[in-house]
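Taking numbering that gives the first Met the number 0, the leading residue of the sequence shown gets 0, the next gets one more, and so forth.
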Amino acid sequence: MKKKQGNSEAAAPKRRSFLVLRITAWVAAGALLGLSHAFGHTLAGAYLAAAFALSIALLYRLLPSRQWWELYLAGYAAHAVCCHWLAQIIQVYSAMPLPLAILCAGLLFVFPALQFVVFDLVHRGLCGKFLIRHSLALPLAWLAVEALFPKLIPWYLGQAESKFLILAQAADIAGPALISFLLFWWAALLVDGCAALAGNNASGAVRKAVLLALAFSLTFVYGRYRLYSLDKALAQSNPLRLALVQGNLDPFHDYFDGKMEDRLAKLRGISRDFLAQHDPDILVWPESSAGYDYYPEHLGARLTQEQDPYPELHVPLVFGGQLRAHTQHADQPHYYNSAFLRMPDASLAGAYRKQEHFPFSERVPLSNYFPALEKLRNRDYVLLRGEDEKPFSLTVRRISNNRPIRIATAICFEDMWPNVFLAQFKRGGADLLLALSNDGWFLDSVAAPGHYFSSVWRAIELRRTLVRATNNGITAIVDPLGREHHVLTPRTAGVLYADDVRILEFDSPYSRYGHRLVSIAAGLIIILAATRLLLSIRVLR
């Protein structure tokens, strides 16, 4: 009896060490995912994303008896690393003490971290002998959960691969979710092939190697074909001349009451110096450039001298401003964060009203269910959401080809959501994707470049040039292949001028079907996994 007790006591430290090792491995895997998005605008982010997929495939092979809390820790680590800047943003926007802001940010990760737990459940459901083998169960489970699980911020593993253009081209089929699937599939095939080789299963290793080579080759061929054919079509299109003004205004000084005229004066001055030497087809100012109250009746009418953001301007101007709604609440004005198209005759030809509000700065999460939470915003106005927005339309005579140029618009982080551009694309078509932003609110965090690299995927998905006009950066032009053609140095005042902005007339599968292909596939995967789990529970009973 004493001998058995002694063996048990000797084994206890080994069990504890193994538990610590398991926890470390899962947390490290989750951190890899967070880092891949925190540095997704660099080549390192692409390698980190591949490393995450490989680490998960290895852990699933080496640790078949996983615990749900291990997956949860991995999910929490992923969100905490990816969104480590969120506490500072909450502190700035909500005027909270830093400890309370850290607590709020930490609470926001509690639910999203469950994505990993659900992923594991779906994987268990798919791994039945009569259903799907491990090599395919892993990528299918990730695809389903990544596509359907609610997100705090709309990011995908595949978004970190924007620097690998050949791989990125597959996003015009089903978005970056397809890239995520491919990364997991390749990782699972590699790990399973190595396991088969280690187990002296040469034929199994060869099958995995052939399938891996075939999957990789098909992706490579598709990417090369898209790059070649669309690049050729772009070269044959007429170029558009665009000028994007980056004011480099201080968000904590230049955007408050009494500063609007100074803000406009700086933007006019930068524009005036530029226009003395160039003649763009369209001039673009960033989000919240003008602080005038425009009302619905101003749309389609000529602006007075007092309401005009740039009275002497002779080219079309797209600028950020605010559209005030007529309400009975005179003490609490209701606004739409908006973008306006001002024509050379000083008329407002159209307005786009922002549809997706940023958490804490423009809305408090869960405030629809708990109205008292809205007091955390400490604002004396109400922001409304736009609905059924349509693209701007204007004629550029130099390249008109008997039809107007259509511009789908997004404001702030809306360009991270595919549905904002896609909805306008379907309502009126789109020749350009225009994003107005003021990422100065993100301070010096990785949120601004993260916002930028996420938006690049909209150009690839819809095969349209993406034009980003920001206050502090990153102001850039990205072509329909995801290539960065022009970038203005962040944190500087100036104009990004491009006289070679191409309009591509090509409807991608994603522009026709959007996220439906992935959503349908994800739904079928969930149903399949749930059926398998229910059958297993029934057998156990």
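Ideal placement from N, C-alpha and C gives every residue a C-beta, glycine not left out.
Distance, residue j Cα to residue i Cα
{"i": "GLY427", "j": "ALA214", "result": "37 Å"}
{"i": "CYS312", "j": "LEU340", "result": "The amino acid occupying residue 312 in the given sequence is Leu; Cys does not appear at that position. If you take the alpha carbons of LEU312 and LEU340, they lie about 13 Å apart."}
{"i": "ALA447", "j": "HIS485", "result": "17 Å"}
{"i": "LEU113", "j": "LEU70", "result": "8 Å"}
{"i": "ALA48", "j": "ALA201", "result": "29 Å"}
{"i": "LYS353", "j": "LEU42", "result": "32 Å"}
{"i": "LEU20", "j": "LEU226", "result": "44 Å"}
{"i": "ARG531", "j": "PHE108", "result": "30 Å"}
{"i": "GLN276", "j": "VAL314", "result": "14 Å"}
{"i": "LEU106", "j": "GLU296", "result": "43 Å"}
{"i": "SER134", "j": "SER228", "result": "33 Å"}
{"i": "TYR254", "j": "LEU34", "result": "32 Å"}
{"i": "LEU147", "j": "LYS258", "result": "43 Å"}
{"i": "LEU85", "j": "ARG462", "result": "32 Å"}
{"i": "SER54", "j": "PRO175", "result": "20 Å"}
{"i": "ILE472", "j": "ALA529", "result": "One point to set straight first is that residue 472 is Gly, not Ile, in the sequence displayed. One C-alpha to the other measures close to 45 Å."}
{"i": "PRO149", "j": "ILE165", "result": "29 Å"}
{"i": "LEU137", "j": "PRO310", "result": "59 Å"}
{"i": "PHE391", "j": "VAL121", "result": "43 Å"}
{"i": "ARG123", "j": "VAL117", "result": "10 Å"}
{"i": "PRO153", "j": "ALA11", "result": "43 Å"}
{"i": "ILE502", "j": "ILE476", "result": "12 Å"}
{"i": "GLN66", "j": "PHE115", "result": "11 Å"}
{"i": "ASP307", "j": "GLY268", "result": "15 Å"}
{"i": "LEU316", "j": "PRO279", "result": "10 Å"}
{"i": "PRO111", "j": "TYR75", "result": "8 Å"}
{"i": "ALA140", "j": "ILE519", "result": "14 Å"}
{"i": "ASN237", "j": "ILE404", "result": "12 Å"}
Cβ distance (whole Å) where residue i is taken to contact residue j below 8 Å
{"i": "ASP414", "j": "SER444", "result": "So it is not a contact: roughly 18 Å between Cβ atoms."}
{"i": "LEU241", "j": "VAL500", "result": "5 Å"}
{"i": "PHE38", "j": "GLY29", "result": "Incorrect: roughly 15 Å between the Cβ atoms, too far for contact."}
{"i": "LEU177", "j": "ALA186", "result": "At roughly 15 Å, the Cβ-Cβ gap does not stay under 8 Å, so LEU177 and ALA186 are not in contact."}
{"i": "ALA338", "j": "THR408", "result": "5 Å"}
{"i": "THR464", "j": "ASP478", "result": "5 Å"}
{"i": "GLY481", "j": "ALA167", "result": "5 Å"}
{"i": "ILE410", "j": "LEU383", "result": "ILE410 to LEU383, Cβ: 13 Å. No contact."}
{"i": "ALA50", "j": "LEU72", "result": "In fact, because the Cβ distance is near 18 Å, the residues do not count as touching under 8 Å."}
{"i": "VAL190", "j": "LEU57", "result": "6 Å"}
{"i": "LEU248", "j": "ARG262", "result": "6 Å"}
{"i": "MET95", "j": "ILE89", "result": "6 Å"}
{"i": "LEU156", "j": "LEU182", "result": "6 Å"}
{"i": "GLY493", "j": "PRO250", "result": "The Cβ separation is near 18 Å, so there is no contact."}
{"i": "LEU142", "j": "ALA521", "result": "6 Å"}
{"i": "HIS36", "j": "GLY449", "result": "6 Å"}
Residue span of the beta strand (DSSP E) that contains residue i, given as start and end
{"i": "HIS484", "result": "483-486"}
{"i": "ILE502", "result": "Where ILE502 is concerned, there is no enclosing beta strand (DSSP E), given that its DSSP letter is neither H nor E."}
{"i": "ARG352", "result": "347-352"}
{"i": "HIS78", "result": "Segment 67-81 is the alpha helix (DSSP H) holding HIS78; no beta strand (DSSP E) there."}
{"i": "ARG240", "result": "238-245"}
{"i": "PHE51", "result": "Run containing PHE51: none in the beta strand (DSSP E); it sits in the alpha helix (DSSP H), 42-61."}
Local Cβ density within 10 Å of residue i, reported as buried at 16 or more and exposed below that
{"i": "GLY198", "result": "exposed"}
{"i": "VAL205", "result": "exposed"}
{"i": "ARG396", "result": "exposed"}
{"i": "ARG490", "result": "exposed"}
{"i": "LEU533", "result": "exposed"}
{"i": "ILE526", "result": "exposed"}
{"i": "GLN158", "result": "buried"}
{"i": "LEU433", "result": "buried"}
{"i": "LYS231", "result": "exposed"}
{"i": "SER535", "result": "exposed"}
{"i": "LYS425", "result": "exposed"}
{"i": "SER179", "result": "buried"}
{"i": "HIS40", "result": "buried"}
{"i": "LYS13", "result": "exposed"}
Continuous alpha helix (DSSP H) stretch holding residue i: start and end
{"i": "VAL121", "result": "113-125"}
{"i": "THR408", "result": "Here THR408 belongs to no alpha helix (DSSP H); instead the beta strand (DSSP E) covers 404-410."}
{"i": "VAL419", "result": "417-427"}
{"i": "GLY268", "result": "259-274"}
{"i": "SER202", "result": "201-234"}
{"i": "VAL314", "result": "From DSSP, VAL314 is part of no alpha helix (DSSP H); its letter is neither H nor E."}
{"i": "VAL190", "result": "175-197"}
{"i": "PHE391", "result": "No alpha helix (DSSP H) contains PHE391, which is instead part of the beta strand (DSSP E) from 391-393."}
{"i": "HIS450", "result": "446-461"}
Residue i Cβ short of 7 Å to the ligand FMN heavy atom set
{"i": "VAL283", "result": "Within the structure as shown, the ligand FMN is missing, as the structure has no ligands at all."}
Check whether the stretch 282-291 touches the stretch 309-325, counting contact only when three or more Cβ pairs, one atom from each stretch, lie closer than 8 Å. These segments touch.
Under 8 Å, with one C-beta from each stretch per pair, do the stretch 345-352 and the stretch 295-306 reach the 3-pair mark? Contact holds: three or more Cβ-Cβ distances are below 8 Å.
Inspect the CB distances between the stretch 407-425 and the stretch 511-519 and report whether three or more fall short of 8 Å. Cβ pair count under 8 Å is three or more, so yes.
State whether the stretch 57-71 contacts the stretch 18-33, with contact taken as three or more CB pairs (one from each stretch) at a distance under 8 Å. Result yes; three or more Cβ-Cβ pairs closer than 8 Å.
So does the stretch 489-503 actually touch the stretch 236-252, counting three or more Cβ pairs closer than 8 Å? Yes, the stretch 489-503 is in contact with the stretch 236-252.
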